[in-house]
Amino acid sequence: MSDLPIFWISSIQTCRKYKTSHRITMPSSCKELRAALAACLQESDCIMVQRNSAHDCLREPLVETLPLQCKQLKKGLGECKRGMVDMRKRFRGNMPVAYKSLETAESGKGYQLYAGKPAFAGSVKETSGNEPIPRDWREIENEQYRLQQQQQQQQQQQQQQQQQQQQQQQQQQEKSK
Numbered sequence: 001m002s003d004l005p006i007f008w009i010s011s012i013q014t015c016r017k018y019k020t021s022h023r024i025t026m027p028s029s030c031k032e033l034r035a036a037l038a039a040c041l042q043e044s045d046c047i048m049v050q051r052n053s054a055h056d057c058l059r060e061p062l063v064e065t066l067p068l069q070c071k072q073l074k075k076g077l078g079e080c081k082r083g084m085v086d087m088r089k090r091f092r093g094n095m096p097v098a099y100k101s102l103e104t105a106e107s108g109k110g111y112q113l114y115a116g117k118p119a120f121a122g123s124v125k126e127t128s129g130n131e132p133i134p135r136d137w138r139e140i141e142n143e144q145y146r147l148q149q150q151q152q153q154q155q156q157q158q159q160q161q162q163q164q165q166q167q168q169q170q171q172q173q174e175k176s177k
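According to UniProt numbering, the sequence shown holds residues 1 to 177 in order.
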C-alpha cells in the first residue's frame, strides 16, 4: 500500500453502481487542508474541553460549536474533494482565502498559488504613493524627435550663416581687388 492518506467514497450512486466502497488516494493539494483541519479540530473546545471525537465534532449539532476557522477549513476540504476535476484548482491549491488571510493578515502579503508558489512573489513592488508617474514612451520619443529637429535646424542655420559669411568675405575680396 502507498503512504498516501486515503478516504472512502460511499455515496449512494457509487454503491448502486459498484455495490462496494472504493478507496481513492487523496490529491496532494487537499492534504494541506486536511492537515490544517485536523490541527484546528485538535485545538477546538469540542475536542479539548467537551472530549468529543473529531468525527462527532464535524457532524450536526456539534459543528456549530466549532470556531469560524475550522468551519472554513471543513468547507474548503469538501470543495477540494469535489473540485479536483478543475485543473486550475489542482495547480493553484485549495487553501481558503479567508483562512490564509487570517494567518497572513499581519504580514500584509496576498495569497494565490500558481504551481505551488505564490503567483506574484517578487513581481509586485510595494509603493508608498509618492512615486513620480512614469512618463509615457510616446512622450519620450516625441521629445527626442523634437530635439533632433531643433539640432538639424540649428545646423542648417549655422551652415547658412557660414555661407553668408563666406559670400560677404568673397564680396569684400572682390571689392578690394
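Heads up, the beta-carbon is just placed ideally off N, CA and C, and yes, glycines get one too. Quick caveat, the model's predicted, so the values are computed rather than measured.
About 5 Å separates the beta carbons of Thr-65 and Cys-46, which is inside the 8 Å limit, making them a contact pair.
CA-CA distance, Met-48 to Leu-41, rounds to 9 Å. Asn-52 has its alpha-carbon roughly 27 Å from the corresponding atom of Arg-82.
Judged by DSSP in its simplified three-state form, Arg-146 adopts helix. Distances from the CA of Gln-69 to each of Tyr-145, Pro-134, Gln-162, Glu-43 were compared; the closest alpha carbon is that of Glu-43. Gln-72 and Val-63 have their C-alpha atoms some 11 Å from each other. For Ile-47, the uninterrupted alpha helix (DSSP H) run begins and ends at 45 to 48, by DSSP.
Straight through space, the alpha carbons of Arg-138 and Gln-157 are spaced by roughly 28 Å.
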